[in-house]
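As you go down the protein sequences, you meet chains A and B in turn.
Sequential numbering of the first sequence, starting at 1, is according to this note's numbering.
Sequential numbering of the second sequence, starting at 1001, is according to this note's numbering.
Idealized CB from N, CA, C, for every residue including glycine.
Because the structure is a prediction, the values reported are computed rather than measured.
2 protein chains.
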Amino acid sequence: MTVTINDVAQAAGVSKGAVSYALNGQPGVSDDTRERILRVARELGWKPNLRAKSLSSAKAFAVGLVVARDPRLLGTDPFFPAFIAGIETTLVEHEYALVLTVAASADAEELAYRKLAADSRVDGVILTDMRVDDSRIALLQSLKIPAVTLNRPETTSPFPAVCMDDTEGIAAAVEHLVSLGHTRIGHVGGPQSYIHGRSRRLAWQNAMSKAGLEAGSFIEADFTAAGGLAATAELLRSAQRPTAIIYANDLMATAGQSYAQSLGLTVPDDLSITGYDDTELATYLNPPLTTVPADPLLWGRVAAQQLLSLLGGAPAEDIYLPSPKLVVRASTGPAPSMPKN
Amino acid sequence: MTVTINDVAQAAGVSKGAVSYALNGQPGVSDDTRERILRVARELGWKPNLRAKSLSSAKAFAVGLVVARDPRLLGTDPFFPAFIAGIETTLVEHEYALVLTVAASADAEELAYRKLAADSRVDGVILTDMRVDDSRIALLQSLKIPAVTLNRPETTSPFPAVCMDDTEGIAAAVEHLVSLGHTRIGHVGGPQSYIHGRSRRLAWQNAMSKAGLEAGSFIEADFTAAGGLAATAELLRSAQRPTAIIYANDLMATAGQSYAQSLGLTVPDDLSITGYDDTELATYLNPPLTTVPADPLLWGRVAAQQLLSLLGGAPAEDIYLPSPKLVVRASTGPAPSMPKN
DNA sequence: TATGTCTACTGAACCGGTTCAGGGAGCGCT
DNA sequence: AGCGCTCCCTGAACCGGTTCAGTAGACATA
């Protein structure tokens, strides 16, 4: 039925071992023999059997991604699909596959990594949504699974990181708003247990103080539309109501914008709004959203490259991707001279 | 290092074969011996080696999903992440893994299936986004990969389908609008090469004629925000401008709604709008979107169950999931007595 | 007691590769 | 001629399971 290395060996009149050497480009066969073996293999239509290769070489030829997210909320995050697509563009060139796991809880997440390790399903993993004091670093070390992290965690990590600075974009948003005359700029952030939730808040804080402004109100939300709405409602209720709000992602910004409009406020005349991610929808909102592109496609591609070269024995060095630049659209405008109340 | 079946055999004082029989619950060992072997295996902490199992049993213990979508647009579709999460909830209970592939073009898609087959990466696949006259049916048959399809394709297919009727929801949207006095109801659909693009258009058409109305304008768009906007612009430019538009997904509906608002139209006073999917954001738009839930989580879970039972040798029978019901929110309202122009 | 049947188990082949020890041939050097 | 070295290749072990043919022993049957 299927052609094995044995068939090739027989047809070429050599031993199994010689065929293996020839096919893998290893020394141990003369150029003549090698060429003959390769020709015979081609003629017979030989294809390597991945399972056999896996068993004897103790490799999976696959990398893993564990997405820890409430399944019901997973669909709302535009990051992952594009990120996965980026990973794939790299993997497909290297005959690697992607094994994807979705974990609903922290326990399920740990279990997922343990399963991947126990079954040797993957040769390495990519860690996203890095958390402050992330327990996965130690877990993966103990499981002896190589990894690549998105951005460098604050705790010591032996794994290379692929970094994309998000503080610059947030700082640019603050500066942009300040230049428009805003002084009360609030921030609706993501969970502060995530390093990207935290770094965006700090970026906002620093940019505010750099501009000589008080840091204004901060609300910790959860990257969901519902959370964005609730946070917006709270900010707009406050006595010193902000004239501009910087959101940590587009989804919250969109919900916030819709909510403000439903109160009769005009964006950007009464309230300026910025997001983060630059989702496709951002351009098509009314008004279109000022935001910062996240480029998950690039991030995924580079992270996979980094992981593969790590698996190939390359030293673990961090890679820095260019910082995304603020995209100004119509959701930001001059600060109102007399804010509505 | 790791405990193998050999170690267990030696420790239990039996042969390798006996251990295999005992661990797999097969006949050929006495109850006493079986129990002893199981105890020893437990004591030694034996874990089956998936790679060895794969090689000798010629199974991959994994299922595949090939997503054919432009990577840049993948992030905009809320269906996939939730669908994948649904698949996972089933797989995780059966020690199966999910191998995910993203293909940008039709060629890449076919290649992806061929790769999965050549490498025997998966034991079966799930087909989404079924197309009219879908070439994948024949391809998978020739590759001898079992499959499950989402909805039954029109061409003869030997694979079981997991069906969720989307016509009922669209019909309900039409009836809802008709009851509000609308007579000019347009439809912005997905590509008609997809069966769900087609079935939604036909559902709209049928419901219109059932209500005694002319089928109004239809625009074939592409499920993207940009496409939704362009289609909306075209509809609103037309002489017999619709007072309501039924979109084939939320993303296009959202873009359409924003566009209409940017023209100075009020939703729903001047234009009623319905979507499809019931994404998280739909609730938080201004106004909140009347739409039809798609329940990708359930769909994924059931599709995976169906595939696993097919792999287990069960007969290929279609499964019908309950039809989702229209969710009425504020983007639909009474038809304007004197439509704005 | 001889024969047949069944159960419980063993030993080895097998899945399809990788890898390693070892051996024969050819060559250069003394 | 004898020695050592390198090159090329073979045969077998190995990865860790599954599976099958064969066999020893217990037991029933004639």
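Residue i and residue j closer than 8 Å at C-beta
i, j, result
"Val1125(B)", "Leu1065(B)", "yes"
"Val1099(B)", "Ala1062(B)", "yes"
"Leu111(A)", "Ser1120(B)", "no"
"Ile219(A)", "Ala231(A)", "yes"
"Asp1278(B)", "Val1327(B)", "yes"
"Asp166(A)", "Arg200(A)", "yes"
"Gly216(A)", "Met252(A)", "no"
"Ala1225(B)", "Thr1076(B)", "yes"
"Gly181(A)", "Ala248(A)", "no"
"Ser331(A)", "Pro287(A)", "yes"
"Pro1336(B)", "Asp1270(B)", "yes"
"Gln1013(B)", "Tyr1021(B)", "Inspection of the sequence shows that residue 1013(B) is occupied by Gly rather than by Gln. Cβ distance not < 8 Å, so Gly1013(B) and Tyr1021(B) don't count as in contact."
"Gly1186(B)", "Pro1268(B)", "no"
"Thr274(A)", "Thr291(A)", "yes"
"Pro1160(B)", "Leu1310(B)", "yes"
"Thr155(A)", "Asp133(A)", "yes"
"Ala1052(B)", "Asp1123(B)", "no"
"Leu1298(B)", "Gly1017(B)", "no"
"Ile245(A)", "Gly256(A)", "yes"
"Arg114(A)", "Leu140(A)", "no"
"Ala304(A)", "Thr90(A)", "yes"
Backbone secondary structure at residue i - three-state DSSP
i, result
"Tyr1096(B)", "coil"
"Pro324(A)", "coil"
"Asp1277(B)", "strand"
"Ile1126(B)", "strand"
"Ile1246(B)", "strand"
"Asn341(A)", "Confidence at Asn341(A) is low in this model, with a pLDDT of 49, below 50, so the placement of that residue is unreliable and no value is reported for it."
"Pro1336(B)", "coil"
"Thr183(A)", "coil"
"Ser120(A)", "coil"
"Thr33(A)", "helix"
"Pro296(A)", "helix"
"Gln26(A)", "coil"
"Gly1228(B)", "helix"
"Tyr1259(B)", "helix"
"Thr89(A)", "helix"
"Lys144(A)", "coil"
"Thr1366(B)", "Nothing in the structure corresponds to residue 1366(B), since chain B is present only between 1001 and 1341."
"Thr155(A)", "coil"
"Ala112(A)", "helix"
Residue i Cβ short of 7 Å to the ligand NAD heavy atom set
i, result
"Ile1185(B)", "Because no ligand of any kind appears in the structure shown, any question about the ligand NAD cannot be addressed here."
Proximal residues of chain A, C-beta to C-beta of residue i below 8 Å
i, result
"Lys1047(B)", "Ala118"
"Tyr1284(B)", "Ala225, Ala226, Gly228, Leu229, Thr254, Ala255, Ser258 and Tyr259"
Listed by chain order, chain B residues near residue i by CB distance under 8 Å
i, result
"Pro296(A)", "Gly1075"
"Arg51(A)", "Arg1051, Ser1054, Leu1055, Ala1058, Ala1060 and Ser1120"
"Thr279(A)", "Gly1075 and Thr1076"
Identified DSSP bridge partners for residue i
i, result
"Met164(A)", "Leu321(A)"
"Val66(A)", "Thr101(A)"
"Leu150(A)", "Val162(A)"
"Val1188(B)", "Ile1219(B) and Tyr1247(B)"
"Arg131(A)", "Tyr194(A)"
"Ser272(A)", "Ala244(A)"
"Thr291(A)", "Val327(A)"
Per-residue contacts from residue i into chain A (C-beta, under 7 Å)
i, result
"Ser1262(B)", "Asn286"
"Leu1044(B)", "Residues of chain A passing the Cβ test: none, with the nearest at roughly 15 Å."
Contacts that residue i makes with chain B (C-beta to C-beta distance below 7 Å)
i, result
"Leu251(A)", "Leu1281"
Practice problem: Could you name the residues of the stretch 188–220 of chain A whose beta carbon sits closer than 8 Å to any beta carbon of chain B, in the order they occur along the chain? | Solution: The stretch 188–220 of chain A vs chain B, Cβ under 8 Å: nothing.
Self-check item: Interfacial residues, the stretch 120–140 of chain A to chain B, with Cβ spacing under 7 Å
Solution: Listed by position along the chain: Ser120 and Arg121.
Self-check item: Interface positions of the stretch 1072–1089 of chain B facing chain A (Cβ-Cβ less than 9 Å), listed along the chain
Solution: Under the 9 Å Cβ criterion, the stretch 1072–1089 of chain B contributes Arg1072, Leu1073, Leu1074, Gly1075, Thr1076, Asp1077, Pro1078, Phe1079, Phe1080, Pro1081, Ala1082, Phe1083, Ile1084, Ala1085, Gly1086, Ile1087, Glu1088 and Thr1089.
Quiz item: When Cβ atoms are compared, which residues of the stretch 1229–1245 of chain B fall closer than 9 Å to chain A?
Solution: Those residues of the stretch 1229–1245 of chain B that come within reach of chain A (Cβ to Cβ, closer than 9 Å) are Leu1229.
Quiz prompt | Interface residues of the stretch 1296–1310 of chain B facing chain A [CB-CB below 8 Å] | solution = Only Pro1296 and Leu1297 from the stretch 1296–1310 of chain B bring a Cβ to less than 8 Å from some Cβ of chain A.
Quiz item: Given a limit of 9 Å on CB to CB distance, which residues of the stretch 87–114 of chain A reach chain B?
Solution: Listed in chain order, the positions of the stretch 87–114 of chain A with a beta carbon within less than 9 Å of a beta carbon of chain B are Ile87, Glu88, Thr89, Leu91, Val92, Glu95, Ala97, Leu98, Val99, Leu100, Thr101, Val102, Ala103, Ala104, Ala108, Leu111 and Ala112.
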